[in-house]
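A.B. asks: Right, I'll just put the structure down here and ask away after.
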Amino acid sequence: MKNINNSDYLLSDLTQLNGVGKKTMNILRKKKVNNIFDLLWKLPKSHTDRSLTIKIEDLQVGKIQTIKIIPIKYQFPRIRNLPKKVICQDETGKIDCVFFNSNEGYIRKILPLNEEITVSGKVNLFRDKYQITNPTYVSKDSSLIESKHNKYSLTEGITEKIYNKIIAQILKNLPKLKEWHSKEILSLFDNETWNDAIIKLHDPNNIGNFRAKFYERLAYDEILASFLVNSEIRKKIKKIKKDKKKFDLKNSDKVIKKLNFKLTNDQKKTLIEINNDLTSKSKMFRLLQGDVGSGKTIVSLISALNVVNSGYQVALMAPTEILARQHFVLAKKIFPTQINLALLSSKSENKIKKEIIDNLKTKKIDMVFGTHAIFQKKITFSNLGFIIIDEQHKFGVRQRKLLSDKGGKNCDVLLMSATPIPRTLTMSIYGDMDISIIREKPNNRKEVKTYSKLESKIEDVINFVKKEIYEGNQIFWVCPLIEVSKKLDHESAVKKFEYLNKIFPNKVALLHGKIENDEKEKILNKFLEKKFLILVSTTIIEVGIDFPNANVIIIENSNKFGLSQLHQLRGRVGRGNKQASCILMFKSNLTENAKKRINILKNSNDGFDISEEDMKLRGFGDILGFKQSGLKNFKLADPVHNENLFKLAETEIKNIENNNLDIDKYKTLLKLYDQADIINDIV
Ligand code: ADP
Ligand code: MG
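Using my numbering, read the sequence shown as starting at 1 and increasing by one per residue.
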């Protein structure tokens, strides 16, 4: 008997199980089932009911059925490889039980003549006779037949019978785990223990019973585990003590006063939150989240200025060179001249690069802008005190943690993201960080008017573009993303370019995935300088670049995009003072669902709301590619259906954090659910 009093059984190798050899294990491994615990979450999809025995005359061909029959004659051919037959009957008809590969003695034993036997298997018709080939169950005692039999969807290469045996074995040996939830929490789930819940999860009568308490308990376990891991990482980072940064706000106030706009209340609020972190003695690890165009850059630059004034160096990392340059140019414009700024670009001459690298080492440079290149090994800082990372929402917990370690203990970290996510997901995706949110948009923003248009009405769109160009505005034309092939994307963009170039000669530029980065930047810069008025592109126009003069965005085949994505694209325009428009083009009439989605976009300009709605319509699976970010895919929990459980977990985590509660009782939960052991791994 195995030691079944702890969780080790669940985390042990599948070969621990009777009936699982190397072959079966390898099949399951391919399905990402590495241990017994993983196997528990592959749920039965349907089941076969063998409990009803019927008469031969009522048999249905092709179905699995159970009958009580009497064997009356054996037909065992002399030739070895031919199938062996047993002719059987009940009072309504006859049926053949057919065996390949079984020996005669065995068949005589299980199907003795003139006795009533219960047989279960798939019924076929062969030369007008009923047949069951290799019956799954043959028994004198009909009660021995497992009446209900789960069907799982991963049985390729493993028979259903074996698979069910494996699961039954696991359920039988399930260790009694010590309860990790409090009595109060447990009572919310009808006091279902983890064990009972797992057993019910695999009970064929419960298939699809998502609202049952046992199901919710298991979903809650999963949510809490994911929140706890993030919260632990956060706590550990907060424990890192740093030297407080000291600066006089007068310096940054001067800069703020000189801006040609007033900061919004949310910008002021987030600045205070960041400043509090900078001047505190624990390391900052904060996310600044705000919709496209909400004005995050200025907040980060003012914070950077404060850090420079406190005597430390700052590094700002952007996803693209053009964006790094834009931030650099803005800082040059607004920072006092005695502050030394540098742009580390891959295109700079080696001599200049070397000079920057030397000057960072000797602290002749206060702040450097660049892409991830600023974190190369050969670059060392004299005293880096602040890392700002712009638009890297695809960084997962692990990558973020590595970055935060990079600067050393005195280095504060601020991430910026223009990808609003539904509230319920915040803790799973960003629970390792403190969060500042800018929800309010600068009040000079006019709402982008959003229209939908059928592709056949392209003439109307062209006339609209003509009018806008006449008024001196610029236009983005986003070509359809054809997922199957990059080549087709490219071709459709080229075609559109040629079409538009005929109508607007020399005013159109083209960007697509095949254009090298250097060339791409040249084109974007020319567009910024208004050398072109229409920019046709396939690749999403770089997030974050500010094109104040672009006022119209046309998005073809827009049902290919998620709502959040469309909202981000729409956010590329409307940065200036003029009325901006977004035209969503469609190939054919909209389905009901598509209409719903478009209405959400037309009625809201708030990325947070839109992401909520988007999730409700499409599920949380791929909200703007968060899958890649290491967001764990929940096995049972669903942020839409289980919103209340996410809220409950959040309250629990806050309770733990605020009261500094020991999380020892969750040790087994974390061990099972976070097998990657991220806490010990990276902290
Ligand atoms: P994002 O949050 O998407 O990074 P940016 O920081 O690029 O947005 O800001 C978008 C534009 O809004 C910039 O041109 C910036 O100068 C301007 N802006 C920022 N804050 C304000 C404000 N409070 N009032 C008016 N315009 C602002
Ligand atoms: Mg930005």
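In this text, a Cβ means the ideal position worked out from N, Cα and C, and glycines have one as well. None of these values were measured; they are calculated from a predicted model.
1) Between residue 278 and residue 303, how many whole angstroms is the CB-CB distance? I'm expecting something under 8 Å.
2) Among 589, 73 and 603, which one has its Cα closest to the Cα of residue 582?
3) Alpha helix (DSSP H) containing residue 328: first to last residue?
4) By alpha-carbon positions, which one of 326, 69, 90 and 99 ends up nearest to residue 83?
5) Is the CB-CB distance between residue 313 and residue 367 below 8 Å?
6) Under 8 Å, with one C-beta from each stretch per pair, do the segment 67-74 and the segment 102-117 reach the 3-pair mark?
7) Drop a sphere of 10 angstroms on the beta-carbon of residue 36, count the other beta-carbons inside from all chains shown, and report buried for 16 or more, exposed for fewer.
8) According to DSSP, is residue 477 helix, strand or coil?
9) Closer than 7 Å to a non-hydrogen atom of the ligand ADP - does that hold for the CB of residue 264?
10) Within the same chain, show all residues whose beta-carbon is closer than 6 Å to that of residue 292, passing over the 5 residues directly before and after it, in chain order.
11) Alpha carbon to alpha carbon, what distance is there between residue 16 and residue 27?
12) Exposed or buried, residue 184, counting other C-beta atoms within 10 Å across all chains shown (16 or more means buried)?
13) Check each candidate in 605, 634, 643 and 635 and name the one with the smallest Cα separation from residue 616.
14) Identify the continuous alpha helix (DSSP H) that holds residue 286 and give its terminal residues.
15) Runs of 4 residues minimum, wholly inside the segment 646-673: which ones carry the alpha helix (DSSP H) assignment?
16) Please specify which runs of the beta strand (DSSP E), each continuous and at least 3 residues long, are wholly inside the segment 436-469, giving them in chain order.
17) Taking its Cβ as the centre, do 16 or more other Cβ atoms sit within 10 Å of residue 168, making it buried, or is it exposed?
18) Between the segment 224-237 and the segment 647-655, do at least 3 Cβ pairs fall closer than 8 Å?
19) With contact counted as at least three CB pairs below 8 Å, one residue from each stretch, are the segment 433-440 and the segment 251-268 in contact?
20) Secondary structure at residue 177, three-state DSSP: helix, strand or coil?
21) I'd like the list of long-range same chain contacts for residue 332, defined as Cβ closer than 7 Å, with 5 residues on each side in sequence excluded.
22) Quickly, what does DSSP pair residue 405 with across the bridge? List them, please.
23) Could you tell me the boundaries of the beta strand (DSSP E) in which residue 358 lies?
24) Measure the C-alpha to C-alpha separation of residue 215 and residue 172 and round it to an integer number of angstroms.
25) Comparing C-alpha positions only, which one of 608, 166, 90 and 79 sits nearest to residue 19?
26) Can you tell me which residues form a DSSP beta bridge with residue 89?
27) Whole-angstrom Cβ separation of residue 533 and residue 495, contact assumed at under 8 Å?
28) Given this structure, state the Cα-to-Cα distance separating residue 310 from residue 40, to the nearest angstrom.
29) Could you tell me the alpha carbon to alpha carbon distance between residue 429 and residue 397, rounded to whole angstroms?
30) Cβ atoms of residue 373 and residue 403: under 8 Å apart, would you say?
31) At a cut-off of 7 Å, is residue 253 close to the ligand ADP when judged by its beta-carbon and the heavy atoms of the ligand?
32) Does DSSP put residue 13 in a helix, a strand or coil?
33) For residue 508, which beta-bridge partners are listed by DSSP?
34) Is residue 190 helix, strand or coil when you go by DSSP?
35) Hey, could you find the ends of the beta strand (DSSP E) residue 129 is sitting in?
36) Identify every residue that forms a DSSP beta bridge with residue 434.
C.D. replies: On the basis of the data shown:
1) The pair is a contact, with the Cβ atoms about 7 Å apart (cut-off 8 Å).
2) 603
3) 321-334
4) 99
5) yes
6) Short answer: they touch.
7) Buried: at least 16 other Cβ atoms inside 10 Å.
8) strand
9) With a cut-off of 7 Å, the C-beta of residue 264 is classified as near the ligand ADP, since at least one heavy atom of the ligand falls inside that distance.
10) 418, 568 and 571
11) 15 Å
12) exposed
13) 643
14) Looking at the DSSP string, residue 286 is not in any alpha helix (DSSP H); the run it does join, the beta strand (DSSP E), is 285-290.
15) 667-673
16) Here the runs fully enclosed are 449-454.
17) exposed
18) yes
19) yes
20) Residue 177 falls in the coil class under three-state DSSP.
21) 341
22) Answer by DSSP bridge pairing: none, since residue 405 is not bridged.
23) First-last for residue 358: 350-361, but that is the alpha helix (DSSP H), not the beta strand (DSSP E).
24) 19 Å
25) 166
26) 70 and 94
27) Contact doesn't hold; Cβ gap of about 19 Å is too wide.
28) 54 Å
29) 8 Å
30) no
31) Residue side-chain check: residue 253 keeps its Cβ at 7 Å or more from all non-hydrogen atoms of the ligand ADP.
32) strand
33) Per DSSP, 534.
34) coil
35) 129-133
36) In the DSSP assignment, residue 434 is bridged to 286.
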